[in-house]
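Numbering (the working numbering), first residue to last: 380 to 505. Down below is the structure, laid out as structure tokens.
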């Protein structure tokens, strides 16, 4: 929109909590973890093209975000879940996973074909 500051209303093209997976236009969720604190990776995420950073409130974070929009929330995990649901839209009511050593591809393809013939939407990923 003309006249709109893109830092205040960025176009989000993806969401991730792993700074190594950030692509231009992504929102980076800088979450504290058991092994590392995601806030330590904010500069890397911004350098990789993050246009927004979601994290818990902490002094001095705005300076680490550069031009990226800083979104502070007391419960950033909950907020990320809400954002992911809005970003990705409705999920199927039924999902099936096939595991095992042998025959997975055959089972998946057979199920997909049966469901399609029954008029159900079906897809196979991977």
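Ideal Cβ positions, reconstructed from N, Cα and C, are used throughout, including at glycine. Every value quoted in this text rests on a predicted model; they were computed, and no experiment measured them.
Let me check one thing: in DSSP terms, what residues is residue 394 bridge-paired to? According to the DSSP secondary-structure assignment, residue 394 is paired through a beta bridge with 406.
Compare the beta carbon distance of residue 450 and residue 425 with 8 Å and say whether it is the shorter of the two. Not a contact, by the Cβ cut-off of 8 Å.
For residue 495, which residues from the same chain have a beta carbon less than 6 Å from its beta carbon, with the 5 sequence-adjacent residues on both sides left out? 501
To the nearest angstrom, report how far apart residue 396 and residue 489 are at their CA atoms. 35 Å
Who does residue 434 pair with in a DSSP beta bridge? Residue pairing by DSSP puts residue 434 in a beta bridge opposite 451.
Starting from the C-beta of residue 382, find all residues in its chain whose C-beta is less than 8 Å away, skip the five residues before and the five after it, and write them out in chain order. Below a pLDDT of 50, predicted positions are generally treated as unreliable, and residue 382, at 48, falls in that range; the measurement from the model is reported next regardless. Counting only Cβ-Cβ distances below 8 Å, and skipping sequence neighbours, we find nothing.
Quick one: Cα of residue 499 to Cα of residue 415, how far? Annotation: residue 499 to residue 415 spans about 43 Å, alpha carbon to alpha carbon.
Residue 422 (DSSP reduced to helix, strand or coil): helix
If we call anything under 8 Å between Cβ atoms a contact, is residue 456 one with residue 437? Using a Cβ distance threshold of 8 Å, residue 456 and residue 437 do not count as a contacting pair.
Separation of residue 390 from residue 445, as counted between CA atoms: 16 Å
Using alpha carbons as the reference points, say which of 435, 458, 428, 460 lies closest to residue 447. 428
First and last residue of the alpha helix (DSSP H) that includes residue 441? 440 to 443
Got a sec, what are the start and stop residues for the alpha helix (DSSP H) residue 486 sits in? If you look at residue 486, you'll find it in the alpha helix (DSSP H) that goes 483 to 496.
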